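Before any comments, here is the structure.
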Amino acid sequence: MQDSSLSTGISDTMVVKKSARRKKWEKIKSQRQLMLMSVPLLIYIIIFHYIPLYGWLMAFQRYRPSPTATIFNQEWVGLEQFKFLFKGANFGRVLRNTVAMSLINLVLSFVTAIALALLLNEIKNLFVKKVVQTISYLPYFLSWVIAATMVSQALLNNGIVNEILLALRIIDQPKLWLAEGKHFWTIFGVANVWKNVGFNAIVYLGAMAAIDPHLYEAAEIDGAGRFKKMRYITLPGIKSTFMVLLIMNVAHLLSAGTGGSGFEFQLLLQRPGNIAWSETIDVFAIRYGIRQSNFSLATAAGMFKTVVSIFLVFSVNAIAKKLGEERLI
Amino acid sequence: MYVKIGKKRYSVADIAFNVFNFLIMTFLIISTLYPFLNTLAVSFNDGIDALRGGIRLWPRMFTLQNYKTVFVGGTIFNAFLVSVARTILAAAINVFLTAMMGYCLSRKEYVLNKFITVVFVLTMYFNAGLIPNYLLIKKLGLLNSFWVYIIPGMISAFNVIVVRTYINTIPESLVESARIDGAGDFKIFIRIIFPLAKPALAVVGMFTIIYQWNSWFDTYLYAPSKQELSTLQYELQKLLASSFSQSSAQRATSATAGQMASSLVTPVTLQAAITIIAMVPILCVYPLLQKYFIAGLNVGGVKE
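In the order they appear, the protein sequences are chains R and A. Note that the first sequence covers residues 1 to 329 in the UniProt record's numbering. Note that the second sequence covers residues 1 to 304 in the UniProt record's numbering.
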């Protein structure tokens with residue numbers, strides 16, 4: 001008895017399984033057009049984003065570029081490249097420049113964007129507001145090559161910056177700003193604000209526009225002036241936007257610039273006189289990897305950057321989650 | 001403290017704030033626009049004369065020679081054509097492929113939906129890095145090829161997510177009724193979703209146009225000495241780099257030097273003319289940018 005019930009049980013589940021499988025098969029068959037549309041792109045993404053990851057093995061080798069070189073016929077050296085990287089006198093400086101310029105950019109871009117958004121928000125004439133805003137984000141859409149060209153023109157010996165500073169008696173003779181390394185971070189900060197402030201302010205203006213106008217009306221009835229409204233309604237209203245952007249930007253701490261492509265400014269305006277202040281991890285990797293064909297060291301530097309960035313993304317995310325639950329309510 | 005102007009009463013702090021705001025905004029506008037107007041003035045100025053400096057908002061010795069040098073044919077005009085070609089081609093490909101992927105991922109019943117989404121989204125968080133990517137490009141035979149501008153960036157995870165989110169707002173009943181009429185997924189995508197997703201696709205197109213038009217680093221990396229693949233931005237980069245070296249006024253890249261010998265064009269004025277030309281397409285899409293991109297960004301901000 002026990003046997004027969006067992007066998008019927010099995011055949012039952014087999015029937016169920018079979019029909020479930022057929023159903024699934026039919027579903028897959030009915031989705032073949034979707035697969036034709038998406039699977040080639042999936043393979044494309046795997047080729048261009050996942051397969052190159054095996055190149056990280058180079059960081060543990062002494063890769064010698066040659067026509068026959070592949071990753072599998074190289075000498076393995078363990079952590080030697082990393083040791084060389086961290087022990088080298090340059091790397092401390094490179095890391096300092098990277099983190100310093102990232103922090104400068106982070107703080108300046110938040111402060112200026114929020115300030116600009118607050119000020120724009122106070123302009124009551126909509127036409128004027130729109131014109132100012134439209135002009136303010138124009139530089140964002142131009143390439144860094146153009147921006148860097150303009151920066152270098154402005155900083156020429158007979159450029160506008162020297163002329164203004166001379167007229168204001170801040171300096172008594174023209175300076176070659178880019179040739180003196182110690183000014184590089186300042187130039188970087190100012191140029192980034194010039195290029196990005198208008199664009200960065202857009203998101204905050206959007207958040208401000210979403211604030212319930214009744215809050216302002218209620219505050220007015222309670223006798224709050226312009227500054228009180230800014231302090232107690234507008235600023236708290238953009239707090240969550242601020243937090244999201246902060247999290248997103250902290251992850252780029254080793255990029256020394258906005259987004260993932262923060263090397264452009266440094267690479268474009270690097271000169272012999274300012275290398276000690278302008279060299280970042282990315283520029284370092286470009287110099288060793290491309291100009292000196294030291295693929296292994298460049299890969300090690302890039303890998304270090306990526307690993308730290310991913311660590312930062314996850315830890316900042318975790319912290320935000322903890323804080324966020326309380327704050328969002 | 002209040003001040004009476006006309007019929008209204010203003011507090012002193014309010015007036016002070018408005019004055020302050022006015023000054024800040026004026027400063028912002030001047031410092032944003034000055035470099036553009038200055039570049040425009042230099043681009044219309046005689047090359048040798050411009051070396052004296054001191055040109056501000058108006059050319060001192062007016063000439064069209066700089067622009068003639070660019071458009072007379074030869075290397076810079078060729079770079080302009082390459083820039084245009086890569087931008088248009090990449091934008092078309094990106095828009096189509098992003099829309100297609102966005103449609104697939106908007107189908108909740110699609111069995112590979114979750115898997116593909118994860119594979120795509122993860123690419124936003126890591127990057128194999130400069131050298132591994134370089135070796136891949138080399139292995140695929142894309143070095144010194146025009147296709148190196150197009151193929152590595154045909155679709156991006158971020159754009160796919162933006163488009164998918166937009167497609168999700170299109171009423172599902174439209175898709176269902178088409179399906180009842182016997183339309184397959186590809187037909188539904190082409191006939192219904194693609195036209196309806198236009199606002200989101202415009203954003204993708206503009207993103208791509210700006211990215212492609214502004215790129216110089218891929219040329220620098222993958223085709224640095226192939227003159228016929230040079231782009232406008234790369235020519236500008238070379239001019240900028242050569243202005244660092246000694247005797248900046250006389251020296252530019254050998255290719256541009258040949259063209260300049262016949263006229264009174266110097267690297268500074270040529271640089272200015274190319275800069276202006278390189279800004280034109282951005283200024284052309286600028287009104288569209290405002291209409292779609294800025295609105296899309298605000299939506300994205302709310303979503304996040």
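Cβ coordinates follow ideal geometry from the N, Cα and C atoms, glycine included. In this text the structure is predicted, and so the values were computed from the model without any measurement.
Can you tell me whether residue i is buried or exposed? The criterion is at least 16 other CB atoms within 10 Å of its CB, across all chains shown.
i	result
D181(A)	exposed
Q81(R)	buried
I286(R)	buried
W58(A)	exposed
Q173(R)	exposed
W144(R)	buried
S66(R)	exposed
F284(R)	buried
F127(R)	exposed
Y134(A)	buried
P195(A)	exposed
G54(A)	exposed
F189(A)	buried
S19(R)	exposed
H49(R)	buried
M37(R)	buried
Y137(R)	buried
L103(R)	exposed
I45(R)	buried
P52(R)	buried
residue 313(A)	In the structure displayed, chain A extends from 1 to 304; residue 313(A) sits before or after that span and is not available.
Return the chain-ordered list of same chain residues with a C-beta closer than 8 Å to the C-beta of residue i, the five sequence neighbours on each side being excluded.
i	result
V193(R)	L108, S109, T112
W216(A)	T231, Q233, Y234, L236, Q237
Y166(A)	G102, A197, P199, A200
M303(R)	W56, A59
F115(A)	none
V3(A)	R9, Y10, S11, V12, I15
Y292(A)	P199, A202, V203, M206
I171(R)	N162, L165
V160(A)	T98, M101, G102, L105, F120
Which whole-angstrom value is the C-beta distance of residue i and residue j, which I expect to be below 8 Å?
i	j	result
T269(A)	V42(A)	6 Å
V162(A)	K27(R)	Going by Cβ atoms, the distance from V162(A) to K27(R) rounds to 28 Å, so no, they are not a contact pair.
L323(R)	M230(R)	The Cβ separation is near 24 Å, so there is no contact.
I275(R)	T275(A)	Not confirmed; about 26 Å, so no contact.
M154(A)	N94(A)	6 Å
I290(R)	L81(A)	At roughly 27 Å, the Cβ-Cβ gap does not stay under 8 Å, so I290(R) and L81(A) are not in contact.
P139(R)	K195(R)	5 Å
L269(R)	L85(R)	Not a contact, Cβ separation roughly 24 Å.
F141(R)	I210(A)	6 Å
T32(A)	N45(A)	Actually they are not in contact, since the Cβ atoms of T32(A) and N45(A) sit about 22 Å apart, beyond 8 Å.
Which residues in the same chain as residue i place their Cβ atom closer than 7 Å to its Cβ, once the five residues preceding and following it in sequence are excluded?
i	result
K22(A)	One point to set straight first is that residue 22(A) is Phe, not Lys, in the sequence displayed. Within the same chain, F22(A) has no close Cβ partners at all.
W277(R)	N97, G181, K182, F184, W185
R164(A)	G102, L105, S106
R271(R)	L178, A179
F146(A)	L229
E75(R)	Q61, R62
L289(A)	M206
N294(R)	Y288
L40(A)	I276
Looking only at its own chain, which residues have a Cβ that is under 6 Å from the Cβ of residue i, when we skip the five neighbours before and after it?
i	result
residue 344(R)	For chain R, the structure presents residues 1 to 329; residue 344(R) sits outside this window and is missing.
residue 313(A)	No answer is possible for residue 313(A): the residues shown for chain A start at 1 and end at 304.
A278(A)	L232
L130(A)	none
G47(A)	L264, V265, T266, T269
residue 331(R)	Residue numbering for chain R in the displayed model covers 1 to 329; residue 331(R) lies beyond these limits and cannot be assessed.
Is there a C-beta anywhere in chain B that falls below 7 Å from the one on residue i?
i	result
V161(R)	The chain inventory of the structure shown lacks chain B, comprising the protein chains R and A.
Residues of the region 209 to 223 of chain A whose Cβ lies closer than 9 Å to any Cβ of chain R, in chain order:
Cβ contacts with chain R: I210, W213, N214, S215, W216, F217, Y220, L221.
So does the region 167 to 180 of chain A actually touch the region 125 to 142 of chain A, counting three or more Cβ pairs closer than 8 Å?
Contact check between the region 167 to 180 of chain A and the region 125 to 142 of chain A: fewer than three CB pairs, one atom from each, fall below 8 Å, which does not count as touching.
Taking only beta carbons into account, state which residues of the region 109 to 127 of chain A come closer than 7 Å to chain R, listed in chain order.
Those residues of the region 109 to 127 of chain A placed with their C-beta closer than 7 Å to a C-beta in chain R are Y110, V111, L112, I116, V119, F120, T123, Y125, F126, N127, ordered along the chain.
If we count Cβ pairs, one from each stretch, closer than 8 Å, do we get three or more for the region 165 to 177 of chain R versus the region 239 to 252 of chain R?
Note that the region 165 to 177 of chain R does not touch the region 239 to 252 of chain R; fewer than 3 beta-carbon pairs, one per stretch, sit closer than 8 Å.
Of the residues that make up the region 90 to 105 of chain A, which ones have a beta carbon closer than 8 Å to any beta carbon in chain R?
The residues in question are L97, M100, M101, Y103, C104, L105.
Looking at chain A, which residues of the region 272 to 285 of chain R have a Cβ within less than 9 Å of any of its Cβ atoms?
Against chain A - using a Cβ distance shorter than 9 Å - the residues of the region 272 to 285 of chain R are P272, D282, A285.
Please name the residues in the region 273 to 287 of chain A whose beta-carbon is closer than 8 Å to at least one beta-carbon of chain R, in chain order.
Closer than 8 Å at the C-beta level to chain R, one finds these residues of the region 273 to 287 of chain A: T275, A278, M279, I282, Y286.
Does the count of Cβ pairs from the region 59 to 70 of chain R and the region 116 to 125 of chain A closer than 8 Å reach three?
Contact between the region 59 to 70 of chain R and the region 116 to 125 of chain A is absent, because fewer than three Cβ pairs lie under 8 Å.
When Cβ atoms are compared, which residues of the region 39 to 55 of chain R fall closer than 9 Å to chain A?
Look at the region 39 to 55 of chain R: the residues with a C-beta under 9 Å from a C-beta of chain A are V39, L41, L42, Y44, I45, I46, I47, F48, H49, Y50, I51, P52, L53, Y54, G55.
Is the number of C-beta pairs between the region 297 to 308 of chain R and the region 119 to 129 of chain R that are closer than 8 Å three or more?
No contact exists between the region 297 to 308 of chain R and the region 119 to 129 of chain R.
Taking beta-carbon pairs under 7 Å, can you tell me which members of the region 56 to 89 of chain R lie near chain A?
If the cut-off is 7 Å between Cβ atoms, the region 56 to 89 of chain R has W56, M58 near chain A.
At a cut of 8 Å, does the region 28 to 47 of chain A reach the region 144 to 160 of chain R through at least three beta carbon pairs?
Short answer: they touch.
Residues within the region 134 to 156 of chain R neighbouring chain A, beta-carbon criterion of under 9 Å
The residues in question are T134, I135, S136, Y137, L138, P139, F141, L142, S143, W144, V145, I146, A147, A148, T149, M150, V151, S152, Q153, A154, L156.
Check distances from the C-beta atoms of the region 18 to 29 of chain A to those of chain R and list, in chain order, the residues that come in under 7 Å.
Flagged, chain order: N21, I24, M25, L28, I29.
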